[in-house]
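So the sequences go chain by chain: A and B. UniProt numbering puts the first residue of the first sequence at 1, with every later residue one more than the last. UniProt numbering puts the first residue of the second sequence at 1, with every later residue one more than the last. Each residue gets a CB set at the ideal place from its N, CA and C atoms; glycine is no exception. Notes for the one structure printed next.
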Amino acid sequence: MRRLIKQREVIVDEWRYADEDPVGRQRALILPFARWKEERDRWWLWDGKLGVRLGPTDPVAALEHDFLRVSLVALEFGGLAEGRGYSQAQLLRKRYKFTGELRAVGKIQRDQFFYMARCGFDAFELPETANFEDAIKAFDDFSVAYQGAVDSGLSLARRAG
Amino acid sequence: MYQYDQIDQRLVDERVAQFRDQTRRFLAGELSDDDFRSLRLRNGLYIQKYAPMLRVSVPYGLLSSRQVRMFARIAREYDKGYGHFTTRQNLQYNWPKLELVPDILALLASVEMHAIQTSGNCIRNVTADHLAGIAPDEVEDPRPWCEYIRQWATLHPEFSYLPRKFKIAVTGSPQDRAASKVHDIGLHLVRNDQGEVGFEVLVGGGLGRMPMIGHVIRKFLPKHELLSYLEAILRVYNLEGRRDNIHKARIKVLVKAVGPEKFAEMVEAEWQASRDFAPVHDAEGFARISAFFTPPKYETLADEDVLSGKPTEFRAWYQRNTKRHKVPGYRAVFLSLKSPNRPPGDITEAEMDRVADLSDQYSLGMVRATHDQNLIFADVRQRDLYSLWQSLKLLDLATPNIGTLTDMICCPGLDFCSLANARSIPIAKQINERFDNFDYLYDLGDIELKMSGCMNACGHHHVGHIGILGVDKNGEEWYQITLGGSASGPDAALGQVIGPSVAYDDVAETIDRILNVYISEREEGERFIDTFRRVGVKPFKARVYAPSHQAA
């Protein structure tokens with residue numbers, strides 16, 4: 001079973017990815033964005049929970065009207081050089097008022113947690129080899145911030161707009 | 001000068017702790033080279049040819065004497081006794097030990113300094129006019145806005161992993177001494193028809209492989225909209241900027257690809273769509289910042305004749321190395337880091353200590369770094385100029401060459417930099433040796449010579465009146481010459497290549513020929529750049545590469 005960090009705790013993932021594990025029994029299913037786009041209407045009848053996984057070039061605006069159905073969005077990162085997910089997250093949380101689980105997936109590391117959490121991510125899929133307990137400390141790297149942001153479980157002293 | 005409160009201090013202290021832990025994880029093998037590279041880079045730490053290089057942020061070029069003393073101490077205890085001022089008003093150390101960098105950062109934090117975002121694909125140090133607050137032609141002091149932007153940009157959650165580095169310059173004067181047109185964003189404080197002050201916003205300037213002059217995308221932005229508008233620009237860039245090719249990842253490439261008008265529309269659309277969550281202007285916070293930049297209590301003095309009866313050498317220094325101050329009885333004094341035997345921009349620890357002392361004695365304990373790699377004492381009483389000059393002379397900081405040919409901008413080049421194709425420091429020396437006659441330099445007048453050791457253009461060669469670019473030809477160092485570039489004022493321009501590159505030994509000779517063309521073509525009182533603009537590249541081309549010269 002996959003472990004992940006959610007709201008600063010290590011938990012066992014209740015979700016499965018449709019493309020990785022098409023016949024699994026979990027009733028919480030994450031679809032790739034392309035498939036969601038294609039099969040969107042069919043999935044409204046499904047009685048499990050639905051998530052969508054977006055790559056860095058997929059437009060989050062496409063999900064705008066789907067949040068009654070979609071309760072998880074996974075955004076992919078390809079390492080430290082990939083930063084579009086931060087803006088995607090901001091838009092999901094702030095412009096489209098998405099309140100479900102926002103998960104950072106792909107090649108991510110603890111050094112990004114502070115930024116990611118402030119952009120609204122609340123779940124983080126680290127590689128299995130990572131030290132999860134130690135990584136959680138990274139949320140506390142900073143106790144202050146200059147910007148207002150979408151914070152998840154962080155309490156920060158703040159300044160500036 | 002801005003002073004940290006508890007929030008600022010805590011952030012910097014926590015950054016030191018975070019970086020200390022990242023360094024520890026790297027040394028313990030828990031972080032790969034690649035992952036650590038990206039992390040150390042956003043804290044100004046490069047691995048260069050021979051040693052790491054640490055770039056320390058000097059926000060908009062402003063330093064207190066206490067900070068300069070700390071620079072000296074770090075140079076003494078952690079480096080080989082000197083530092084190097086850069087074209088973005090920062091200071092670089094060339095020989096720190098990687099494992100000791102966290103200790104250096106802790107020392108910097110103790111004097112309200114840091115290396116946050118001095119490199120890496122994030123928003124870099126915000127730069128400003130080095131005569132901010134004292135220039136007679138200024139619309140408004142840009143520094144409070146620089147500090148406001150600095151805070152907003154520091155560890156910005158959304159814009160810390162951009163496609164590429166991002167540089168912002170702010171100027172409050174039409175002269176534009178901050179080279180703002182060759183920045184990713186240039187902000188000009190301007191007055192509109194109603195007499196209100198706001199920002200003219202330029203985007204997409206830059207040097208490097210694809211030099212471009214920035215485009216105005218908004219003629220007048222009300223001040224209170226600054227951060228919301230910057231966020232709109234950055235979001236469009238973060239989402240749409242190219243990430244597939246490092247050489248095409250700067251915002252200028254995006255602006256060029258879609259066109260400035262279309263880019264302006266994209267920003268406008270994003271701006272309007274973000275109205276309900278964009279940062280709101282923090283008037284109280286801004287007032288708090290502004291209060292640190294209210295003019296110091298100047299004495300009531302009259303302008304005086306400081307030149308009569310003084311030696312010619314002093315008069316020359318006064319003419320070249322001091323500038324008008326908006327307050328009567330004061331002058332701004334340039335400390336030239338371009339003496340003949342000094343790598344441009346370099347300063348030793350002993351000199352830094354003395355500079356700190358002199359700034360306490362003569363200039364309210366403040367020092368400024370300029371984008372052309374000199375230092376400034378901004379607030380010197382005219383009556384003190386002569387004694388200050390005598391002290392600076394002893395320190396080799398009074399070379400009267402500010403604004404002349406030998407006041408060159410120069411990158412570290414192949415002597416230090418692993419990106420460079422050719423050396424630049426010895427070329428600076430070659431030029432200094434050739435043009436060591438001050439009367440000749442003064443006759444030539446204002447000339448900006450800028451030199452880079454590779455096409456990354458850290459030495460801004462594209463915008464030099466004379467630009468020199470080091471290139472590699474089959475393992476040999478060659479130098480390409482451009483003419484007619486300019487970074488300042490309303491007519492910023494990119495230089496034109498005049499012909500084939502020249503050999504290492506021929507650079508000074510080539511410059512000499514270029515200057516001879518200028519001298520024969522110029523009209524009374526005409527500056528080099530103006531002559532070039534009038535006569536064009538042709539006469540230079542013809543005579544610099546004339547066969548008689550080739551044979552010589």
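So the candidates are the options; which of them puts its Cα closest to the Cα of residue i?
{"i": "Thr348 of chain B", "options": "B:Thr370, B:Leu395, B:Trp389", "result": "B:Leu395"}
{"i": "Glu30 of chain B", "options": "A:Phe124, A:Val150, A:Asp111", "result": "A:Asp111"}
{"i": "Thr404 of chain B", "options": "B:Gly445, B:Leu375, B:Pro412, B:Thr370", "result": "B:Gly445"}
{"i": "Leu494 of chain B", "options": "B:Lys97, B:Val463, B:Arg513, B:Phe26", "result": "B:Val463"}
{"i": "residue 586 of chain B", "options": "B:Met210, B:Leu483, B:Ser501", "result": "Chain B is shown from 1 up to 552; residue 586 of chain B falls before or after that span and cannot be answered."}
{"i": "Met212 of chain B", "options": "B:Glu313, B:Gly186, B:Asp13", "result": "B:Gly186"}
{"i": "Ala546 of chain B", "options": "B:Pro500, B:Lys248, B:Thr118", "result": "B:Pro500"}
{"i": "Ser486 of chain B", "options": "B:Pro142, B:Asp176, B:Asn125", "result": "B:Asp176"}
{"i": "Asp5 of chain B", "options": "B:Arg324, B:Tyr161, B:Ala115, B:Gln151", "result": "B:Gln151"}
{"i": "Val544 of chain B", "options": "B:Gly536, B:Ile514, B:Gly525", "result": "B:Ile514"}
{"i": "Arg73 of chain B", "options": "B:Leu221, B:Trp95, B:Tyr386, B:Leu107", "result": "B:Leu107"}
{"i": "Tyr50 of chain B", "options": "B:Thr87, B:Leu419, B:Gln382, B:Ser452", "result": "B:Leu419"}
Please report the distance separating the alpha-carbon of residue i from that of residue j.
{"i": "Ile233 of chain B", "j": "Glu270 of chain B", "result": "8 Å"}
{"i": "Met1 of chain B", "j": "Phe377 of chain B", "result": "14 Å"}
{"i": "Gln18 of chain B", "j": "Lys167 of chain B", "result": "24 Å"}
{"i": "Leu102 of chain A", "j": "Leu41 of chain B", "result": "28 Å"}
{"i": "Tyr518 of chain B", "j": "Phe114 of chain A", "result": "57 Å"}
{"i": "Thr127 of chain B", "j": "Met116 of chain A", "result": "28 Å"}
{"i": "Ser359 of chain B", "j": "Pro59 of chain B", "result": "18 Å"}
{"i": "Lys450 of chain B", "j": "Cys417 of chain B", "result": "17 Å"}
{"i": "Leu469 of chain B", "j": "Ala332 of chain B", "result": "32 Å"}
{"i": "Leu63 of chain A", "j": "Asn421 of chain B", "result": "49 Å"}
{"i": "Pro32 of chain A", "j": "Leu91 of chain A", "result": "19 Å"}
{"i": "Gln373 of chain B", "j": "Ile409 of chain B", "result": "7 Å"}
{"i": "Ile11 of chain A", "j": "Gln89 of chain B", "result": "48 Å"}
{"i": "Thr406 of chain B", "j": "Val12 of chain B", "result": "38 Å"}
{"i": "Leu103 of chain B", "j": "Asp443 of chain B", "result": "Rather than Leu, the amino acid found at residue 103 of chain B in this sequence is Asp. Computed Cα separation, rounded: 49 Å."}
{"i": "Lys541 of chain B", "j": "Arg527 of chain B", "result": "19 Å"}
{"i": "Lys94 of chain A", "j": "Val258 of chain B", "result": "27 Å"}
{"i": "Lys252 of chain B", "j": "His183 of chain B", "result": "9 Å"}
{"i": "Ser32 of chain B", "j": "Lys107 of chain A", "result": "13 Å"}
{"i": "Ala160 of chain A", "j": "Asn437 of chain B", "result": "Note that Ala160 of chain A scores 48 on pLDDT, short of 50, meaning its location in the model is unreliable and no value can be drawn from it."}
{"i": "Gln3 of chain B", "j": "Leu50 of chain A", "result": "50 Å"}
{"i": "His325 of chain B", "j": "Gly79 of chain A", "result": "50 Å"}
{"i": "Tyr161 of chain B", "j": "Ala81 of chain A", "result": "7 Å"}
Name, in chain order, the residues that DSSP records as bridge partners for residue i.
{"i": "His188 of chain B", "result": "B:Thr171, B:Glu200"}
{"i": "Glu477 of chain B", "result": "B:Asp472"}
{"i": "Pro52 of chain B", "result": "B:Ile47"}
{"i": "Cys146 of chain B", "result": "Cys146 of chain B is not bridged to any residue."}
{"i": "Pro296 of chain B", "result": "None, per the DSSP bridge assignment."}
{"i": "Gly206 of chain B", "result": "B:Met212"}
{"i": "Pro32 of chain A", "result": "A:Arg53"}
{"i": "Phe166 of chain B", "result": "B:Ile123"}
{"i": "His84 of chain B", "result": "B:Gln92, B:Asp346"}
{"i": "Tyr17 of chain A", "result": "A:Ile30"}
{"i": "Gly48 of chain A", "result": "Per DSSP, none; premise fails for Gly48 of chain A."}
{"i": "Phe124 of chain A", "result": "A:Ile5, A:Ala104"}
{"i": "Ala128 of chain B", "result": "B:Val170"}
{"i": "Ser64 of chain B", "result": "B:Met366"}
{"i": "Val150 of chain A", "result": "A:Cys119"}
{"i": "Val10 of chain A", "result": "A:Ile5"}
Determine the chain D residues that contact residue i at a beta-carbon separation under 9 Å, and present them in chain order.
{"i": "Glu82 of chain A", "result": "No chain D is part of this structure, whose protein chains are labelled A and B."}
Let me know the beta strand (DSSP E) ranges lying completely inside the region 330 to 390 of chain B, each 3 residues or longer, listed in chain order. Listed in chain order, they are 330 to 335, 346 to 348, 366 to 369, 375 to 381.
With 7 Å as the C-beta to C-beta threshold (strictly closer), list the residues of the region 7 to 22 of chain B near chain A in chain order. Answer in chain order: Ile7, Arg10, Leu11, Glu14, Gln18, Gln22.
Any residues in the region 102 to 116 of chain A with a beta carbon nearer than 9 Å to a beta carbon of chain B? Which ones, in chain order? Hits within the stretch, in order: Gln109, Asp111, Gln112, Phe114, Tyr115, Met116.
Determine which residues of the region 6 to 33 of chain A have a Cβ less than 7 Å from any Cβ of chain B, and write them out in chain order. Listed by position, the residues of the region 6 to 33 of chain A near chain B (Cβ gap below 7 Å) amount to none.
Secondary structure, beta strand (DSSP E): runs of 3+ residues fully inside the region 211 to 266 of chain B: Qualifying beta strand (DSSP E) stretches, in chain order: 215 to 222.
Counting only Cβ-Cβ distances shorter than 7 Å, please list the residues of the region 116 to 131 of chain A near chain B, keeping chain order. Here the close residues are Arg118, Cys119.
Along the chain, which unbroken stretches of the beta strand (DSSP E) at least 3 residues long are found entirely within the UniProt domain "Nitrite/sulphite reductase 4Fe-4S" (407 to 544) of chain B? Assignment of beta strand (DSSP E) within the UniProt domain "Nitrite/sulphite reductase 4Fe-4S" (407 to 544) of chain B, counting only whole runs of 3 or more residues, yields 449 to 452, 466 to 473, 476 to 483 in chain order.
Using a Cβ-Cβ cutoff of 7 Å, what residues of the region 25 to 46 of chain B are near chain A? List them in chain order. Listed in sequence order: Asp35, Ser38, Leu39.
Along the region 252 to 273 of chain B, where does the CB come closer than 9 Å to a CB of chain A? Name the residues. Closer than 9 Å at the C-beta level to chain A, one finds these residues of the region 252 to 273 of chain B: Ala273.
Quick check for students: name the residue ranges of the beta strand (DSSP E) that lie wholly in the region 66 to 91 of chain A, counting only runs of 3 or more. Taking 3 residues as the minimum length, the beta strand (DSSP E) runs contained wholly in the region 66 to 91 of chain A are 70 to 78, in order along the chain.
Counting only Cβ-Cβ distances shorter than 7 Å, please list the residues of the region 42 to 54 of chain A near chain B, keeping chain order. None of the residues of the region 42 to 54 of chain A has a beta carbon lying less than 7 Å from any beta carbon of chain B.
What are the residues of the region 276 to 289 of chain B that lie near chain A, defined by any Cβ-Cβ distance shorter than 7 Å? Result list: Phe277, Pro279, Val280, His281, Asp282, Gly285.
Closer than 7 Å, Cβ to any Cβ of chain A: which residues of the region 221 to 247 of chain B, in chain order? Residues passing the 7 Å Cβ filter: Leu227, Arg235, Asn238, Leu239, Arg243.
Scan the region 329 to 344 of chain B for residues whose Cβ lies nearer than 8 Å to a Cβ of chain A and list them as they occur along the chain. Closer than 8 Å at the C-beta level to chain A, one finds no residue of the region 329 to 344 of chain B.
Near-chain A residues of the region 507 to 534 of chain B (beta-carbon distance less than 9 Å), N- to C-terminal order: When CB distances to chain A are screened at a threshold of 9 Å, not a single residue of the region 507 to 534 of chain B falls below it.
Residues within the region 106 to 129 of chain B neighbouring chain A, beta-carbon criterion of under 7 Å: Look at the region 106 to 129 of chain B: it has no residue with a C-beta under 7 Å from a C-beta of chain A.
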